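Here the working numbering is used: the first residue of the sequence shown is 120, the next is one more, and so on.
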Amino acid sequence: MVKNYAVVFPGQGVQGIGMSRDLYGKYPQAAHTLDYACQILGMPLKTIMFDGPENELNRISLTQLAVFVSNMMVYDAIKDAVGEKPLFAAGHSLGEYCALCASGALSFEDSLKLVASRGRIMEANCPEGAMAAVIGMRTMDISDLCKSITESGRLVEAVNFNSRKQTVISGTAEGIEAFKARAAGKGRIIPLKTAGPFHSFLMRKSQEVFAPELDKVYFSDPAFPVVSNVTAKGSTKSSDIVTALKTQIASPVQWVASVEYMASRGAEMFVECAEKSVLSSMIKNISPETQAISAMTLINE
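And the structure:
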């Protein structure tokens, strides 16, 4: 039995053809989750996840649905075996909707509806732009350089504070190129394959269009605190959760502060609910005194 743990969920970037096929074949709970999602959505999501085509799976609207459902398949496969309920739940970007579903703040059906709306709206309103991971520069230096470049008319912003070693920047292609030029020799800049400048202020149109969708579903107070990407604080009040979600799309992901918050309040282990481990290495960098494991290791025990 796992004790004093938090469950965490990654967002976009873990998708790929064949995702969740093994889970579906081995674990009845996981298979039910995917079949039920296809029934609710009225679309062959399982076929797209298993067989593609890749260009279809990589559409923002379908990527978000596929990642949400895949993460929940993992959670549903382990939650009974884990035993005690988590101290906290948190998700990175899209993964926050998995955390809300796992905590009972949202029903699975309403979670799916919101994720479908979120992806569809972001796809329809996504501006041109780019993202890049910055390795080895101080967070303050990254933010200061982004501010200087933006003031010159080329928009770029620090948006994902992933670990003490890695921060992701987002903005116009010109802004990203200007950052690369001015940061030369100070750190590694790795371009990311993304469909847009996610979590930057360029996403405000998507955020504004999506916000009313949050008022169309019922949020319950969660069974355990859900840590917000925006505030990096846990809450068991549904009103606080909705308020933060309304600014999530165009706000930075405060992942470092979120992990620190959970660790400082008793989380000794972080269980990452996803087929591919993405967050665990970040968590080990942020909070080396805690343990971070993939839920897949629990499933396979």
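The beta carbon of each residue, even a glycine, is placed where N, CA and C say it ideally should be.
Fair warning: this is a prediction, and the values are worked out from it, not measured in the lab.
| Query | Result |
| --- | --- |
| Restricting to Cα atoms, I'd like to know which of Met415, Glu228, Val390 and Thr416 is closest to Glu93. | Beyond the ends of the chain as shown, which are 120 and 420, falls residue 93; an answer cannot be given. |
| Roughly how many whole angstroms lie between the Cα atoms of Phe320 and Cys157? | 33 Å |
| Using 10 angstroms around the beta-carbon of Ser358, count the other beta-carbons present and answer buried if the total reaches 16, otherwise exposed. | exposed |
| How many angstroms separate the CA atom of Ala302 from the CA atom of Val372? | 22 Å |
| Quick one: any contact between the region 329 to 343 and the region 192 to 199, if contact means 3 or more CB pairs under 8 Å? | no |
| Does the contact criterion of 3 or more C-beta pairs under 8 Å hold for the region 177 to 192 versus the region 208 to 217? | yes |
| Below 8 Å, can you find three or more Cβ-Cβ pairs linking the region 125 to 136 to the region 168 to 178? | yes |
| Are there 16 or more other CB atoms within 10 angstroms of the CB of Pro407, so buried, or fewer, so exposed? | exposed |
| Do the CB positions of Leu264 and Phe317 come within less than 8 Å of each other? | no |
| Have a look at Pro344 and Glu379 and give me their C-alpha separation to the nearest angstrom. | 15 Å |
| Give me the Cα-Cα distance between Ser282 and Ile167, rounded to the nearest whole angstrom. | 32 Å |
| Suppose only complete runs of 4+ residues qualify. What are the alpha helix (DSSP H) ranges in the region 210 to 236, listed by chain order? | 214 to 222 |
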